[in-house]
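To keep things clear, I will list the structure first and then write my remarks on it.
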Amino acid sequence: MSDWSKVTRPIPVPNEWTKPFWDAAKRGVLALQRCQSCGHFQHPPYATCVECISTDLKFEAVRGAGTIYAYTIMYHTGDKRFASAVPYASIIVELDDAPGALLAGNLLEAPHTEAKVGRRVEVIFEKLNDDITLPQFRFARIASAE
Amino acid sequence: MWENRCKVAVSGVGFSKVTRSADIPLAAHALTAVKEAVADSGLQLADIDGLATYPELPATGHTEVDGISIVSVNCMMTMLKLPDLGWHIQVGTVNIGGAMQQAVNALIAGVCKYAVVWRAMHNPRGTYQNLPGAYAQGAAQFTAPYGFGGPGQGMAVAYTRWLERHNQDREKMATLAVTQRRHTQHNPHAYFYGTPLSREDYLNSRMVAYPFCLFDCDIPVQGAVAIVLTTADRARDLKPRPAYLAGYGQRLHFEVAGRIGSLSNYMEGGSSSAKLTWERSGFSPKDVDVAQIYDGFSASVIYGLESYGFCKEGEALDFIQDGRIELNGELPLNTFGGSLGTGRIHGLWHIIEGALQVSDRAGSRQVKDANVSFVGASAPIVTGTTFIFVRDPY
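Chains as they are written, first to last, in this note's numbering: chain G, 39 to 184; chain Y, 1102 to 1495.
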């Protein structure tokens, strides 16, 4: 299992588009940008709805259950800050509530070899500092209520 | 069909030395390649009246210094002091293929007669892709905290999705790496000229970002290549046999930056560019005699073969087996060795090889009866462009 205790992650810097995402994460809530016109969820946040070009977008809370859409196992230690965690799984998750929105994360609390496309995961939160809490993922512990 | 098909041709090509370390400033590499391309055409430097490039250094976390880590149009203008310069451009999207297409348009518009396009690539000291410093801004705020650095990991995640959705085996990629390295042995300009690669070397090599091992990634190098383009009527008066441009396209699909892992970003990028190219040229994949498909990471070839229409989605790793991509195969592929063989110089070398093959100028790697040549000059995602060159205008 990857040892994340010695890793120093780059700290996200919220901007005009992304601040509500990070504000929600700080409260332990996953909130994604949603088009108020057509209902489409999207991530990363953007100026317009990528489906219907509406600019009427708001952040709404979503359940943190989803599946691994894609992943990679990082072996390269070019970035020394992550070297102690190598090999580690960086994953892309598609949430049940937000098809088409793709969230990056690490697969925590499991061996990297367990990362596979289609496996069920759930969000957990990793506090980086007083301002920023990072959404992360682990294998789902409860059956999803789809 | 495109009314301007076969009205522009490639006449000359040039190469600098390709080295691992940046011993001399990049500007010197670019100058060597440009001078060689002009000489190859049988022209004088003073004949050149158009300049185009895409200068970006694709590494992250390094300072760009013109003449050292990039070679801009301004840098080239300063060096060459061209007396009749009438047109120049430096593009910001679709990589070097975009610069090439702008030069084609300028020639058709009649604002220049002989245009030079170059691509110069620097290998910075230290780690090529450095994650942002202590803070992750912009699109990186959603990726860098999780250890996503350069484009390699971005492409790796899409590749695992492709592999597992299609029940495919990454070990089949050994065929691509080994075949291209064999082609490289016919290209004295290439970084890996003289260095063979076996299937065992590929299968035993260290992982970088699974599913990519070392030999799925092109090696960062310092070097430059250049090409001279002119109108078809002028090209016929020059020394080399012209390679006529029958059509081109660029990707028309773009997904929000930072949305990594999306296969559609590659597939729709590639198919939109290829569709324009097939329609403008009047050809289809079955007409193609030889193909160069960008391979900065091996999976790019997979997305290219599928999105351009050479095979169905999910089939590309089977398509490249059984000798099909050998020099005498059904679809000789990356016949100059690809970026995996030459080192990381981006897609202009693919364009050069596409042109050389229909001009019968590819030396010991020449494909027999290469009349129609296809080029996918960048990864179909973000920077994708496609081209068709032909031996005979039509």
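The C-beta atom is built at its ideal place from N, Cα and C for all residues, glycine as well.
Since the model is a prediction, treat every value here as computed from it, not as a measurement.
Take the alpha-carbon of residue 1490 (chain Y) and the one of residue 111 (chain G): they are about 39 Å apart.
In the DSSP annotation of this structure, the continuous segment of the beta strand (DSSP E) that includes residue 1393 (chain Y) starts and ends at 1391 to 1394. In this structure the region 1320 to 1329 of chain Y touches the region 1112 to 1124 of chain Y; the number of beta carbon pairs closer than 8 Å is three or more. Shown here for residue 1272 (chain Y): same chain residues with a beta carbon closer than 7 Å to its own, the five before and five after excluded, namely 1304 in chain order.
For residue 1256 (chain Y), the enclosing alpha helix (DSSP H) covers residues 1252 to 1266. The bridge partners DSSP lists for residue 50 (chain G) are Y:1237. When C-beta distances to chain G are compared with 7 Å, the residues of the region 1245 to 1278 of chain Y below that value are 1245, 1246, 1247, 1248, 1249, 1250, 1254, 1257, 1258, 1259, 1261, 1262, 1265 and 1266, in chain order.
In this structure, the straight-line span from the alpha carbon of residue 1446 (chain Y) to that of residue 1390 (chain Y) is close to 24 Å.
DSSP places residue 1453 (chain Y) in the helix class (H, G or I) of the three-state scheme.
Residue pairing for residue 144 (chain G): DSSP places it in a beta bridge opposite G:128. Judged by DSSP secondary structure, residue 1189 (chain Y) falls within the beta strand (DSSP E) whose first and last residues are 1188 to 1191.
For residue 1283 (chain Y), the enclosing alpha helix (DSSP H) starts and ends at 1275 to 1285. In summary, no residue of the region 1392 to 1423 of chain Y has a CB separated from any CB of chain G by less than 8 Å.
Scanning Y:1134, Y:1190, Y:1349 and Y:1360 for the CA closest to the CA of residue 88 (chain G) turns up Y:1360. Here residue 98 (chain G) carries a strand assignment [DSSP, helix/strand/coil]. The beta carbon of residue 78 (chain G) does not come within 8 Å of any beta carbon belonging to chain Y, so the residue lies off that interface.
Shown here for residue 1474 (chain Y): same chain residues with a beta carbon closer than 6 Å to its own, the five before and five after excluded, namely 1391, 1455, 1458, 1459 and 1490 in chain order.
Residue 1229 (chain Y) places its beta carbon less than 8 Å from that of residue 1251 (chain Y). For residue 1342 (chain Y) against residue 1466 (chain Y), the beta-carbon gap comes to about 17 Å, at or over 8 Å, which does not count as contact. A contact between stretches requires three or more CB pairs, one per stretch, nearer than 8 Å, and the region 93 to 107 of chain G fails this requirement with the region 1104 to 1118 of chain Y.
Only exposed fits residue 1227 (chain Y), as fewer than 16 other CB atoms lie within 10 angstroms of its CB.
In the same chain as residue 1290 (chain Y), and ignoring 5 residues on each side of it, the C-beta atoms closer than 6 Å to its own belong to 1116, in chain order.
Here DSSP, grouped into helix, strand and coil, assigns residue 1309 (chain Y) to strand. Between residue 47 (chain G) and chain Y, the shortest Cβ-Cβ separation is below 8 Å. What residue 56 (chain G) touches in chain Y, judged by beta-carbon distance under 7 Å, is 1242, going in chain order. For the region 1352 to 1370 of chain Y, the set of residues with a beta-carbon nearer than 7 Å to any beta-carbon of chain G comprises 1357, 1359, 1360, 1361, 1362 and 1363, in chain order. Ranked by Cα distance from residue 1441 (chain Y), the first of Y:1386, Y:1419, Y:1337 and Y:1319 is Y:1319. Look at residue 1107 (chain Y) here: in three-state DSSP terms it is coil, with no helix or strand label. Contacts between residue 105 (chain G) and chain Y, judged by CB atoms closer than 8 Å, are missing: the closest CB pair is about 11 Å apart. Taken in chain order, the complete beta strand (DSSP E) segments of 3 residues or longer contained in the region 1157 to 1207 of chain Y are 1188 to 1191. When 7 Å is used as the limit between beta carbons, residue 1309 (chain Y) is near these residues of chain G: 113 and 114, in chain order. Rounded to the nearest angstrom, the gap between the Cα atoms of residue 77 (chain G) and residue 1422 (chain Y) is 45 Å. Legend: CB atoms of the region 1137 to 1161 of chain Y lying less than 9 Å from CB atoms of chain G are not found in any residue. Pairing residue 1430 (chain Y) with residue 1307 (chain Y), the inter-Cα distance amounts to about 30 Å.
Note on geometry: alpha-carbon atoms of residue 1288 (chain Y) and residue 1469 (chain Y) lie some 17 Å from one another.
Inclusion of residue 1176 (chain Y) and residue 1347 (chain Y) in the CB contact set at 8 Å is not warranted, their separation being larger than that value.
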